[in-house]
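Per this note's numbering, the sequence shown starts with residue 9, numbered consecutively. All residues carry an ideal CB built from backbone N, CA and C; glycine is no exception. Because the structure is a prediction, the values reported are computed rather than measured.
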Amino acid sequence: MLRLFPILTLVFMVGPVTAGLIGTFLPSFGILPALGGDGASLDPWRALLAQPGLWQSVRLSLFNGLAATAISVAIVMLFCAAWQGTRIFRAVQRLLSPILSVPHATAAFGLAFLIAPSGWMARLVAPFMGWDRPPELAILHDPLGIAMVIGLVTKEIPFLFLMTLAALPQADTERTAQVTASLGYGRITGWFKATLPRIYPQIRLPVLAVLAYSTSVVDVAIILGPTTPAPLAVRILGWLSDPDLAKRFMASSGAVLQLALVLIAMAVWLSAEKIIGVLGRRAMVDGRRLAHDGWLRHVGAGLAIIAVGAVILGLVVLFMWSIAGFWAFPDILPRNFSLRLWGREFGALGDSLLVTLMIGVPSVLIAVALVLGCLENEVRRGLRRHKAVMWLIYLPLLVPQISFMFGLQVFFTLIGLERTLTSVVLVHLVFVLPYVFLSLSDPFRALDPRYGQTALCLGASPTRVFWQVRLPLLTRAVLTAMAVGLAVTVGQYLPTLLIGAGRFATVTTEAVALAAGGDRRMIGIYGLLQMLLPFAGFAFALLIPAVVFAKRRGMGGMGDRGGNNAT
């Protein structure tokens with residue numbers, strides 16, 4: 009029975025992606041009988057290439073995706089090199105869970121409220137600059153997409169930092185730092201020369217996942233990105249939502265182009281890795297120790313603190329807008345506060361939360377059950393993790409959502425599941441499964457096998473050992489994995505919109521829809537609601553073990569051993 013769990017998990021992760029890619033590829037060449045496409049044709053590609061501003065959209069997606077990923081990786085590596093093992097490092101580490109629980113759209117809204125011409129930062133400097141009205145600066149939706157890059161960087165840094173934390177113990181970094189220091193190397197130089205080459209291969213897949221997301225992001229691009237023209241993924245969504253059904257063929261061609269764009273970005277990144285690797289090997293033996301790197305340490309700390317602070321401060325501004333009364337520029341604070349808008353929207357907010365939970369809870373429970381079954385099967389059969397398995401786990405994160413969502417929509421239509429709650433739950437499961445597996449696998453594998461062996465020696469069956477020994481010891485890890493999965497499902501915008509055909513109004517779809525209206529108070533309310541469910545999930549993941557195992561403190565922390573992925 010347990011052998012079915014790995015098969016089911018792969019079916020739920022790889023199956024929808026494969027079906028979606030096929031369902032996207034065929035219409036891109038005119039094959040979609042439901043819309044009259046009975047024969048192969050290049051007309052969809054001709055229509056796509058004739059779109060004005062197409063190559064500007066391609067350029068925005070490619071270069072901004074590469075820039076956001078490169079900046080995020082550089083800041084994380086510099087901060088780890090400069091501050092690993094210090095109080096600042098531990099303080100940032102403790103902020104990981106709250107920041108990771110913030111969906112991308114919420115962080116983007118908070119950043120927009122900070123850096124907009126009429127945002128809080130402009131209000132702070134207005135008295136010194138003599139401004140009595142917002143400056144005429146194209147900060148949001150700027151043509152180069154700089155605001156979008158900043159928004160992506162602030163949210164990808166915590167994820168990459170978490171992945172790096174999981175890799176650091178396997179590189180024996182503390183003793184390595186002592187050795188390099190004894191040889192006269194500066195803290196940062198020694199880390200980059202001796203530690204980075206050993207941990208980077210372990211975080212390559214997360215980095216590529218960040219690159220794929222940044223190159224094809226939709227919700228953050230709608231909130232912060234350029235509009236004339238918009239990045240390619242946003243334009244594809246517009247074609248898919250057009251009342252003219254004939255544009256579905258052109259949209260499919262655009263989705264295939266988006267997939268090719270992500271593959272090109274990955275090829276560029278991997279090529280840059282090889283070039284840097286060659287230069288790095290030379291630098292490793294050149295004898296330069298660069299012992300005086302104090303200024304660079306402060307730069308690393310400053311950049312990391314700015315990224316974390318931007319998210320936290322953005323959430324504060326979101327909260328103030330959600331309860332703000334009259335707030336004219338350049339007032340730093342509203343003249344009065346009111347919960348009137350919360351009361352007026354209470355019914356709609358409750359409906360959105362209910363729909364979000366109706367989608368999120370089943371997808372998270374199914375994901376946790378499948379992952380636990382896979383890991384238990386791995387333990388009982390004595391299997392080892394292979395690199396190919398990790399590639400399959402990351403597959404839904406490496407393939408851009410826009411490239412297979414339309415094809416998956418066609419597939420669900422063929423099997424009679426179009427526009428249903430079941431189809432939306434299944435597509436959310438595609439993205440929840442990888443994160444739950446990454447969160448739960450390290451704590452499960454690190455659990456001391458002697459607990460189970462002792463129970464078996466006392467006559468317990470393997471099934472009883474799982475339910476009465478392993479699962480209680482992994483309580484906190486399982487709850488944390490569930491919180492991570494809930495944060496992932498709450499933040500899903502594109503799958504909910506396309507697969508649900510707009511019938512399921514979650515807090516995320518409502519929040520992004522409000523972005524076009526510019527009502528900051530409503531955006532503040534829905535932005536906070538986006539964060540409320542994931543934050544509550546992480547809070548319960550910490551609270552429940554503390555209460556249940558109040559008299560057995562060792563039990564409450566067992567699931568945290570062996571891996572930082574459970575953070």
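Residue from the options with nearest C-alpha to residue i
i: Ala254; options: Phe439, Tyr221, Leu40 and Ala547; result: Leu40
i: Arg305; options: Leu437, Gln92 and Ala554; result: Gln92
i: Val242; options: Thr172, Ser65, Glu182 and Arg98; result: Ser65
i: Ile83; options: Leu550, Thr162 and Leu108; result: Thr162
i: Gly28; options: Val264, Ile15, Met366 and Leu50; result: Val264
i: Ala11; options: Ala134, Pro151 and Val387; result: The displayed chain sequence assigns Arg, not Ala, to residue 11. Selected option, being the one with the closest Cα: Val387.
i: Phe550; options: Arg348, Val492, Val133 and Tyr402; result: Reading off the sequence shown, one finds Leu at residue 550, where the question assumed Phe. The shortest C-alpha separation from Leu550 is found at Val492.
i: Leu57; options: Ser36, Gly47, Ala48 and Pro125; result: Ser36
i: Phe200; options: Phe414, Ala377, Met85 and Leu400; result: Met85
i: Val225; options: Leu168, Gly153, Pro251 and Gly381; result: Gly153
i: Tyr193; options: Ala89, Ala229 and Tyr221; result: Ala89
i: Ile351; options: Arg529, Leu145, Gly285 and Thr32; result: First, the residue type needs correcting, since residue 351 is Gly and not Ile in the sequence shown. For Gly351, the nearest C-alpha among the options comes from Arg529.
i: Pro451; options: Ile283, Gly322, Val379 and Ala309; result: Val379
i: Pro111; options: Leu406, Ala220 and Gln500; result: Gln500
i: Leu104; options: Glu164, Ala55, Leu62 and Leu122; result: Glu164
i: Ala519; options: Ile230, Ala396 and Leu278; result: Ile230
i: Thr17; options: Met398, Phe117, Ala238 and Ala309; result: Met398
i: Ala336; options: Gly415, Trp139 and Leu391; result: Trp139
i: Phe169; options: Val133, Ser190 and Tyr208; result: Tyr208
Three-state class that DSSP yields for residue i in the structure shown
i: Arg51; result: Here the sequence assigns Asp to residue 51, which means Arg is not the residue at that position. Helix, per DSSP.
i: Asp252; result: coil
i: Gly45; result: strand
i: Gly571; result: Interpretation of Gly571 is limited by its pLDDT of 39, a score under 50 that renders its predicted location unreliable; the figure taken from the coordinates is listed afterwards. If DSSP states are grouped into helix, strand and coil, Gly571 belongs with coil.
i: Phe439; result: helix
i: Ile320; result: helix
i: Ala332; result: strand
i: Phe512; result: coil
i: Gly28; result: helix
i: Leu40; result: strand
i: Phe452; result: helix
i: Leu16; result: helix
i: Phe167; result: helix
i: Phe419; result: helix
i: Phe345; result: strand
i: Phe337; result: coil
i: Val110; result: coil
i: Phe557; result: coil
i: Ala524; result: coil
i: Leu361; result: helix
i: Thr497; result: helix
i: Ala146; result: coil
i: Pro408; result: coil
i: Trp139; result: coil
Beta carbon of residue i nearer than 8 Å to that of residue j
i: Ala318; j: Val100; result: no
i: Met21; j: Pro442; result: yes
i: Leu119; j: Leu232; result: yes
i: Gln409; j: Ile507; result: no
i: Pro143; j: Ala155; result: no
i: Trp459; j: Leu481; result: It should be pointed out that residue 459 corresponds to Tyr in this sequence rather than to Trp. Yes. Within cutoff.
i: Arg484; j: Pro553; result: yes
i: Pro60; j: Asp150; result: no
i: Val376; j: Val444; result: yes
i: Ile158; j: Pro125; result: no
i: Ala315; j: Val228; result: no
i: Leu323; j: Met539; result: yes
i: Leu407; j: Val25; result: In the sequence on display, residue 407 carries Val and not Leu. In contact: Val407 and Val25 (Cβ atoms closer than 8 Å).
i: Phe334; j: Arg348; result: no
i: Ser447; j: Thr488; result: yes
i: Ser222; j: Thr77; result: yes
Spatial neighbours of residue i in its chain, beta-carbon cut-off 7 Å, leaving aside the 5 residues before and after
i: Trp303; result: none
i: Val276; result: Leu74
i: Leu425; result: Ser431
i: Trp247; result: Lys255, Met258, Ala259 and Gly262
i: Leu287; result: none
i: Glu384; result: Leu10 and Phe474
i: Gly571; result: Reliability fails at Gly571, whose pLDDT of 39 lies under 50, so the model's placement of it is uncertain and the value that follows must be treated cautiously. Excluding positions up to five away in sequence, the list reads Ala174, Asp450, Pro451 and Ala454.
Cβ neighbours of residue i in the same chain (closer than 8 Å, five flanking residues each side left out)
i: Phe327; result: Gly532 and Leu536
Same chain only: Cβ atoms within 6 Å of residue i, ignoring 5 sequence neighbours per side
i: Leu428; result: The sequence shown places Thr at residue 428, rather than the Leu named in the question. Here the set comprises nothing.
i: Arg511; result: Arg427
i: Leu108; result: Pro166
i: Pro542; result: Ser109, Leu494, Ala495 and Val498
i: Thr188; result: Gly198 and Ala202
i: Gln210; result: Ala175
i: Arg569; result: Bear in mind that the predicted position of Arg569 carries a pLDDT of just 42, short of 50, making it too unreliable to give a figure here.
key: Whole beta strand (DSSP E) elements within the segment 196–277, 3-residue minimum   = Runs of beta strand (DSSP E) with 3 or more residues, each lying fully within the segment 196–277, are absent.
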